[in-house]
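Visitor: The sequence shown finishes on residue 380 if you use this note's numbering, and the numbering steps up by one all the way, no holes. Using N, Cα and C, we set each Cβ at its ideal position, and we do this for glycine too.
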Amino acid sequence: MSKPRLLILSFSHFENDARVLKQLRLFSEDYEVITCGYGGTPEGIREHYQVPDEAGYWLYPRVPIMLRQYSRAYWGNPAVSAALELLRGVDFDIVLANDIDSVGLALRLRPRLGVHADLHEYSPRQKEELRRWRWFFAPFVRWMCKKFVTRADSVTTVGEGIAREYRDRFGIAAETVTNASPYQDLEPTEVGSEIRLVHSGIAARERQLEILIEAATSTTAPVGLDLFLMPVDRAYLAELEALAAASGGRVRVRPPVPNAELVRTLNGYDVGLHVLPPTSFNNAWALPNKFFDYVQARLGLIIGPSPEMQRILEREGFGAVSADFGVAGLTAELERLTPELVRSWKRASTGAARRLSADVQVQGWKRPIDALAARDGGGA
1 MSKPRLLILS FSHFENDARV LKQLRLFSED YEVITCGYGG TPEGIREHYQ
51 VPDEAGYWLY PRVPIMLRQY SRAYWGNPAV SAALELLRGV DFDIVLANDI
101 DSVGLALRLR PRLGVHADLH EYSPRQKEEL RRWRWFFAPF VRWMCKKFVT
151 RADSVTTVGE GIAREYRDRF GIAAETVTNA SPYQDLEPTE VGSEIRLVHS
201 GIAARERQLE ILIEAATSTT APVGLDLFLM PVDRAYLAEL EALAAASGGR
251 VRVRPPVPNA ELVRTLNGYD VGLHVLPPTS FNNAWALPNK FFDYVQARLG
301 LIIGPSPEMQ RILEREGFGA VSADFGVAGL TAELERLTPE LVRSWKRAST
351 GAARRLSADV QVQGWKRPID ALAARDGGGA
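(1) Please state whether DSSP places S154 in a helix, a strand or coil.
(2) When you compare each of N179, A138 and V115 to T385 by their alpha carbons, which one comes out closest?
(3) Tell me the DSSP secondary structure of I400 in three-state form.
(4) Mapping DSSP to helix, strand and coil, what is Y236?
(5) Output needed for L227: all residues of its chain with C-beta closer than 6 Å, excluding positions within five of it in sequence on either side, in chain order.
(6) Where does F318 sit, in a helix, a strand or coil, going by DSSP?
(7) Between which two residues does the beta strand (DSSP E) carrying V271 extend?
(8) If you count every other CB in all the chains shown that lies within 10 Å of the CB of D293, and 16 or more means buried, which is it?
(9) Nearest-angstrom Cα distance between A320 and L130?
(10) With a threshold of 8 Å, are at least 3 pairs of Cβ atoms found where one atom belongs to the stretch 342 to 349 and the other to the stretch 75 to 83?
(11) Run the CB neighbour count on W135, radius 10 Å, all protein chains shown included, and call it buried at 16 or more, exposed below.
(12) What number of angstroms, rounded off, separates the C-alpha of R186 from the C-alpha of N289?
(13) Quick check on M66: does DSSP put it in helix, strand or coil?
(14) Looking at C-alpha atoms only, which residue of L67, M66 and V251 is the closest neighbour of I195?
(15) How is D376 classed by DSSP in three states: helix, strand or coil?
(16) In or out: V360 buried (at least 16 other Cβ within 10 Å) or exposed?
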C-alpha cells in the first residue's frame, strides 16, 4: 500500500526553520513527504518545489489592501502566486500549511483528505506596535483568519495563550505544539564558585538585552554572563558589545553557535536567562525555542513574568521568575543565587527534559495528520 502524499508548505527556508524541520523528521517514515518553500531541497526529500527568493511572502500588493480588496491582495502575493503555479496539477492527499500566509493556498490545492494549519504566532497582532500595520494590514490578517483558517480541518499553534486568543476571537479550535527542542541525553555540569549565566538568541533592539548585561554587571553575586547573538541588528549588537566591554570582564558577547551544536554548548553553563519585555501580544505570550534549549542543556532558568514560560517553570521547579521585566527584578534574582540553589534547578531540568522535549510535543501534529490520513480507510 502506498504512503499518503503529504505536502509540507512553508514560506521559509527549511534549513533555518526549526519548527518545520521537526515536521519533516516526524512524517518522513509514514508519509511520502513533498515540500514547497524557499531554498534547495531539504535533506531526505525527493520532491521539492522551490519558491524563488525574490517572491517574498511579505510583499502583498498595497493598493488592494488599502482598498480592502482582500481576495485580490492575497492571490496577488508573489509567493502565493509562484507556489500556486509550481503546484498546479500536482496531487496531494494532505497539506500541512505553516503560518497564515500559506493556508489559503493549501485550501486552493484541494488535497484529497484535508488541510492542517500550523500557526507559528498570533498573526492578527504580529506588528501591532506599528500604526500603519494596525490600520491597514491587521484587518487583512483578520480576514485571512476568517476566510481561510476557519476552513482548515485541524489547527495547531505554539502556546496555550495564543490558542485561546484564536478561539475567543475567531472560533478556531487550535491545539498546542510548543517550540520544544529534541531530547538530548546530557548530564548537568558541576556548578563552580562563579555561576555561569548564558543567553542565546538574536541581537534585536526590541529584546532589550541590555537588561541582562546591566543586571549581571551590577549584582554582587559571583556571576559571569555570555551572550551568543545572531547579528540581526548590527548597530544594536555594537551597543551591546560596548556595554559588555565596560562590564569589567563579567560579560562577553560571543558569535552565534550552529543550531546542531547549541544545546551541547549551553550545557557548559549553569543558568539560562530570558527576560522578554511584553512589548507586543506575541512577546507577552512567548514560549520560545531558547526556553526549551536551556532545559535540554540541563540549566537552571531565570525568566521575566511571561505567563507561558512562568507556568511551566513554576510547575517543574527549575528556576526563578523575576518580579518585573527590568534590571532591578533580574538583579534581585541574581543576588539570591548560590551553588546549592543552582544545582537543585539543574537537577529539576534533568527530570523535566524528556517530557518537555520535541519528541513528546510533536505528537500534537501526528494525531491530526494521522486522523486526516485515516479518512482513506486505515491511515498512515
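Guide: The relevant details are as follows:
(1) On the sequence shown, residue 154 is found 154 positions in, with the first residue counted as 1. In the structure shown, S154 sits in a strand (DSSP, three-state: E or B).
(2) Within the shown structure, residues of the chain are numbered from 1 to 380, placing residue 385 beyond reach of any answer.
(3) A question about residue 400 goes unanswered here, because the residues of the chain that appear run from 1 up to 380.
(4) As a position in the sequence shown, residue 236 is number 236, starting the count at 1. Helix, per DSSP.
(5) As a first step, residue 227 must be located in the sequence shown, where it is residue number 227. Same-chain partners within the cutoff: H199 and V253.
(6) For the purposes of this step, residue 318 is identified with residue 318 of the sequence shown, where counting begins at 1. Of the three classes helix, strand and coil, the one that applies to F318 here is coil, per DSSP.
(7) For the purposes of this step, residue 271 is taken as the residue at position 271 of the sequence shown. Its beta strand (DSSP E) spans residues V271 to H274.
(8) As a working note, residue 293 is residue 293 in the sequence shown. The residue is buried, with at least 16 neighbouring Cβ atoms inside 10 Å.
(9) Here the question's residue 320 lines up with position 320 in the sequence shown. Here the question's residue 130 lines up with position 130 in the sequence shown. Whole-angstrom Cα-Cα distance: 33 Å.
(10) no
(11) Sequence index remark: in the sequence shown, residue 135 carries index 135 (1-based). Exposed is the call here.
(12) Against the sequence shown, residue 186 aligns to sequence position 186. Against the sequence shown, residue 289 aligns to sequence position 289. Reading off the sequence, residue 186 comes out as Leu, not Arg. Going from the Cα of L186 to the Cα of N289 covers about 18 Å.
(13) Taking the sequence shown and counting its residues from 1, one reaches residue 66 at position 66. It is helical.
(14) Translated into positions along the sequence shown, residue 195 becomes position 195. Comparing Cα-Cα distances from I195 to each of L67, M66 and V251, the minimum goes to V251.
(15) Numbered from 1 along the sequence shown, position 376 holds the residue referred to as residue 376. Helix at D376.
(16) Within the sequence shown, the letter at position 360 stands for residue 360. By the neighbour-count rule (16 or more Cβ atoms within 10 Å), V360 is not buried but exposed.
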